[in-house]
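Order-wise, the sequence lines are chains A and B.
Start counting the first sequence at 1; every next residue gets the next number (my numbering).
Start counting the second sequence at 1001; every next residue gets the next number (my numbering).
Scroll down for the structure; my scribbles are underneath it.
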Amino acid sequence: MAAQAEQVPSIMKQGRATPWAYLLPALIVMATFIVYPGLNTFYLSFRNTGNTGWAGDNCIAGEPCWGAFENYRYALTSPVMQTAFGNNLKWILLMVSGTVLLGLLIAALADRVRYESPAKAIIFLPLAISFVGAGVIWKFVYAFGSGQVQIGLLNGLLTALGGQPVSWLTEPRINTVALIVVGVWMWTGFCMTILAAALKNVPTEIIEAARVDGANEWQVFWGIMMPQILPTVAVVVTTMVINVLKIFDIVYVMTGGNYGTEVIANRMYIEMYTSFKTGRAAAIAVVLIAVIIPAMIYNIRRFRAQEAAR
Amino acid sequence: MNKQIGYLFSTVVIAAMLITACGGGATTAAPTAAPATSAPVAGGIDCLGAKAGDTITMLYQWSGQEETRLNEILKPLVDACGLVIKPESTRDQALLDTKVQAGTPPDIAFWNTAQLVQYEAALVPMDKLGAQGENYADFFKAPGTVNGKWLGLPVKADIKTIIWYSPAVFAAKGYAVPTTWAELEALVEKMKANGDVPWSMGMESGDATGWTGSDFIQDILLVKQGPQYVLDLISGDVAYNDAGVKDAYEIYGKWARDPKYTVGGAQGTLSTSFLDAIYKPYSDPPEAMMVKQSGFAGGEVAKKYTDLKYGTDYDFFAIPGAQGLQGGADWMMAFSDTPAVRALVAYLSSTEGGANWAKSGFDLSPNKGAAGNYIDPALIKKGEALANTKGFTPDIGDTIPGGFGKAEWTALVDYVNGGDLDAALAAAAQVQAEATK
């Protein structure tokens, strides 16, 4: 034993500190850009507007006040934040289901045609456009001309067919849905790519066997393919939920959060950079993180389970 | 082989170092025309001890032609004292905030009144820097004064209390420019009865949507309530959901929500960009008769319809019955006290500085030295209005800090979009109360 140990070159011997030395650069980066800002945000969320005292200073006599939690009172109970929570929920329900279902549909269908690659490339393309760019493009699609001509694509079509132009982005009943369509247009390609890869991994032997046993395509899809790709679907869904919770750019560019389209992240930006209310912005950020964390934990658990299964 | 690569590599490194050294040198080098001495007076400009090669870092929102005009205005000072201006142009206020919070602000920033309050602790008072206060009317010094300290020098102003129209169209249709508010209301009804759309009120402007409308509201307040009422709103003595404000919103809303009074009705008001709204009275046939917009609108009309002539095809009249003007100003604020900054402040606040500003055609100068020096006919007319005004109220939303501007726009947008006026105003009043307590 001792002889063997001597044969190991000294450079291969690791002291207790060696792993830490390897970890150090990553730890420094994490501490500087994630841990410190995170803790500071948490601290600021209990401070007043100018960070000169506790948040209770912002209270107005005669109004409800949560003391040091005053910023959270705003973040959780103010009418504008309630609108934002409602809209974020709409975004999650419609955009996640929209992107995942469309992505799955296209992935399953494209699998059966000769022009699979170009078809998938076209669906994937919008993801290469920045959110702001997409916002600007769709602003033109939805443009509402109050004057003699309709320059917006949708209203151009509507009026050509004899209909009345619709102000898509200011009409409170439809504007959030109009924005979600933009998000779906952008992210369907992402879901499609991942789901298509999962579908390709379903062993053909099982599918062939099912077909031989007389299963129709519908049964093959739901009985064979779906159970096989379910873990991937779960990952895609949670990833999309996290993505959608952070949604900001489309709303900021297209409506600025006006006309009842406010979302959490846009409100955070406005409080920070338009109103300079650091405390409130920090509180909204903390709330947003709190909402996102369960989705992240679920995602990590799934990932670990998948790794363990391999 | 290895040697060659090493040689090549070091050559490249040395070359790169030289290039960066040259680059750095070029920006800090004094202009060739700098005079050898820092004589206190050169062509009427007092350098106040600033030496050739002294630098001033600046941050402003102007670009393109605006930047050219600023350079034109500053040229006499730069030439006389050999100062080096290091400007940075951005519309992103976050950049200024970041610089100030990081403790590396520019020497000079040209920004809005709200920043005077926001950066109060970091700013150097104007009188300490030798600004010549006698060249400014009191109503121009007041908004720049925070807790008794004169922190901001208004350098450029634009008046907002005006309505643009087409004299040719008015003549053809037999409309006369109104001289009282009652006449304006009567004119609007007459246009409506004739089947003309009186107003173009589009106010879409990205995340700043609503500012065109809040300008209009403030003008109505100046007519119905007077300038002191507006100042009381700014100070918080009058709540934003006061009856007078509600009355102004209702007057505005009657027009802005009805397609008979404004192009496209409520949805047209909300989704037409403010720029498109400016064009509508000048399209063929005109989509509207009038647009209430600040002084800059004339320039936009001239750019879009190059064959139209100021005075015959497009012109403006002051909102009849308005007691005092509403206007926006760009404020110069100083974050450091150096001889070069002093020289700049002294120059821009001097009679000569005001005259040079007027001559450059870069909007109006609040400096009394500007009088009689405008060249552009539209600026001459605006300059007269500014010189003769009894009062000048800054934009309410720009002046109250803490996001009141945004809250004001939100109230307006919600109201025009069919929301409840009392609730909208109460929400804005809440923000006003938080900001002014």
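The beta-carbon is built from N, C-alpha and C at its ideal position, and this holds for glycine as well.
This one's a predicted model, so the numbers in the text were calculated from it and none came from an experiment.
Round the Cβ separation of residue i and residue j to the nearest angstrom and send it over; I've been treating them as touching at under 8 Å.
i	j	result
glycine 179 of chain A	glycine 103 of chain A	Reading the sequence as shown, one finds leucine at residue 179 of chain A and not glycine. Not quite, the Cβ-Cβ distance comes to about 19 Å (not below 8 Å), so this is no contact.
isoleucine 242 of chain A	alanine 295 of chain A	5 Å
leucine 1325 of chain B	threonine 1145 of chain B	Not a contact, Cβ separation roughly 19 Å.
proline 1320 of chain B	threonine 1180 of chain B	5 Å
valine 236 of chain A	valine 100 of chain A	6 Å
leucine 1386 of chain B	leucine 1364 of chain B	5 Å
tyrosine 252 of chain A	aspartate 1207 of chain B	6 Å
threonine 176 of chain A	threonine 261 of chain A	5 Å
cysteine 1406 of chain B	isoleucine 270 of chain A	Looking at the sequence itself, residue 1406 of chain B is lysine, so the reference to cysteine does not match. Contact holds; Cβ gap of about 6 Å.
proline 1143 of chain B	threonine 1098 of chain B	Contact doesn't hold; Cβ gap of about 25 Å is too wide.
tyrosine 1261 of chain B	valine 1188 of chain B	7 Å
leucine 1153 of chain B	serine 1360 of chain B	Rounded, the Cβ-Cβ distance is 17 Å, inconsistent with contact.
alanine 68 of chain A	phenylalanine 33 of chain A	Not quite, the Cβ-Cβ distance comes to about 27 Å (not below 8 Å), so this is no contact.
phenylalanine 1362 of chain B	isoleucine 1073 of chain B	7 Å
arginine 1342 of chain B	leucine 1129 of chain B	5 Å
arginine 267 of chain A	methionine 81 of chain A	6 Å
leucine 1151 of chain B	glutamate 1183 of chain B	The Cβ separation is near 41 Å, so there is no contact.
alanine 1378 of chain B	glycine 1298 of chain B	5 Å
Tell whether a beta-carbon distance below 7 Å holds between residue i and residue j.
i	j	result
leucine 1077 of chain B	isoleucine 1108 of chain B	no
asparagine 87 of chain A	valine 263 of chain A	yes
tyrosine 273 of chain A	alanine 1094 of chain B	yes
threonine 1209 of chain B	glycine 135 of chain A	no
isoleucine 247 of chain A	alanine 75 of chain A	no
alanine 1358 of chain B	tyrosine 1374 of chain B	yes
tyrosine 1240 of chain B	glutamine 1432 of chain B	yes
isoleucine 329 of chain A	alanine 143 of chain A	The question about residue 329 of chain A has no answer here: the residues shown for chain A are numbered 1 through 310.
valine 1055 of chain B	valine 1100 of chain B	In the sequence as presented, valine is not what sits at residue 1055 of chain B; that position holds threonine. No, they are not a contact pair.
arginine 302 of chain A	alanine 234 of chain A	yes
alanine 55 of chain A	asparagine 71 of chain A	yes
serine 275 of chain A	glycine 1082 of chain B	no
glycine 1354 of chain B	glycine 1369 of chain B	yes
serine 1273 of chain B	serine 167 of chain A	no
proline 1167 of chain B	aspartate 1315 of chain B	yes
proline 1401 of chain B	glutamine 1118 of chain B	yes
threonine 1090 of chain B	glycine 1236 of chain B	no
methionine 240 of chain A	alanine 107 of chain A	no
lysine 1149 of chain B	proline 1125 of chain B	yes
threonine 124 of chain A	glycine 189 of chain A	In the sequence under discussion, the amino acid at residue 124 of chain A is phenylalanine, which differs from the threonine named in the question. The answer is yes: Cβ separation under 7 Å.
phenylalanine 981 of chain B	phenylalanine 1392 of chain B	The structure shown does not extend to residue 981 of chain B, since chain B spans only 1001 to 1437, so no value can be given for it.
asparagine 51 of chain A	aspartate 57 of chain A	no
isoleucine 1234 of chain B	isoleucine 1396 of chain B	yes
So who's on the other strand from residue i, going by DSSP bridges?
i	result
tyrosine 1284 of chain B	Note that residue 1284 of chain B corresponds to aspartate in the displayed sequence, not to tyrosine. Note: aspartate 1284 of chain B sits in no beta bridge, so no partner.
proline 1154 of chain B	B:Trp1331
tryptophan 222 of chain A	Bridge partners of tryptophan 222 of chain A: none, in fact.
glycine 1111 of chain B	Here residue 1111 of chain B turns out to be tryptophan, not glycine, going by the sequence shown. In the DSSP output, where bridge partners are listed per residue, tryptophan 1111 of chain B has B:Trp1331.
methionine 1290 of chain B	B:Tyr1165, B:Trp1199
serine 1273 of chain B	B:Glu1204
lysine 1149 of chain B	B:Val1146
leucine 23 of chain A	BP columns for leucine 23 of chain A are empty, so no partner.
glutamate 1088 of chain B	B:Leu1059
alanine 1318 of chain B	B:Ile1162
phenylalanine 1392 of chain B	B:Leu1325
glycine 1262 of chain B	Residue 1262 of chain B is actually threonine in this sequence, not glycine. B:Trp1199, per the DSSP bridge assignment.
leucine 1364 of chain B	B:Ala1157
tyrosine 1310 of chain B	B:Tyr1314
arginine 47 of chain A	A:Trp54
valine 1124 of chain B	B:Ala1334
I'd like to know if the region 1281-1290 of chain B and the region 1213-1224 of chain B are in contact, where contact means that at least 3 CB-CB pairs between them fall below 8 Å.
Inter-segment contact for the region 1281-1290 of chain B and the region 1213-1224 of chain B is absent: fewer than three beta-carbon pairs are separated by less than 8 Å.
Please identify, using Cβ separations under 7 Å, the residues of the region 1267-1292 of chain B that lie next to chain A, in order along the chain.
Gln1267, Gly1268, Leu1270, Ser1271, Thr1272, Lys1280, Glu1287
Tell me which residues of the region 1142-1154 of chain B have at least one Cβ-Cβ distance to chain A shorter than 8 Å, keeping chain order.
none
Segment contact, 8 Å Cβ cut-off, at least three pairs: the region 1325-1338 of chain B with the region 1156-1171 of chain B
yes
Three CB pairs or more closer than 8 Å across the region 151-163 of chain A and the region 226-236 of chain A:
No contact exists between the region 151-163 of chain A and the region 226-236 of chain A.
Whether or not the region 59-68 of chain A and the region 26-37 of chain A are in contact is what I'm after, with contact meaning three or more pairs of Cβ atoms, one per stretch, closer than 8 Å; do they touch?
Taking 8 Å as the limit for Cβ pairs, the verdict is that the region 59-68 of chain A does not touch the region 26-37 of chain A.
With a cut-off of 8 Å, do at least 3 Cβ pairs link the region 1412-1427 of chain B to the region 1249-1268 of chain B?
yes
For the region 1288-1297 of chain B against the region 1187-1204 of chain B, are there 3 or more C-beta pairs whose distance is under 8 Å?
yes
Near-chain A residues of the region 1202-1214 of chain B - C-beta to any C-beta below 8 Å
Gly1202, Gly1206, Asp1207, Ala1208, Thr1209, Gly1210
At a CB distance below 8 Å, what residues from the region 1118-1129 of chain B approach chain A? Give them in sequence order.
Gln1118
What are the residues of the region 122-133 of chain A that lie near chain B, defined by any Cβ-Cβ distance shorter than 8 Å?
none
Positions along the region 270-295 of chain A whose CB lies within less than 8 Å of some CB in chain B:
Listed by position, the residues of the region 270-295 of chain A near chain B (Cβ gap below 8 Å) are Ile270, Glu271, Tyr273, Thr274, Ser275, Phe276, Lys277.
Residues from the region 158-169 of chain A in contact with chain B, defined by Cβ distance under 9 Å:
Pro165, Val166, Ser167, Trp168, Leu169
Near-chain B residues of the region 192-221 of chain A (beta-carbon distance less than 7 Å), N- to C-terminal order:
none
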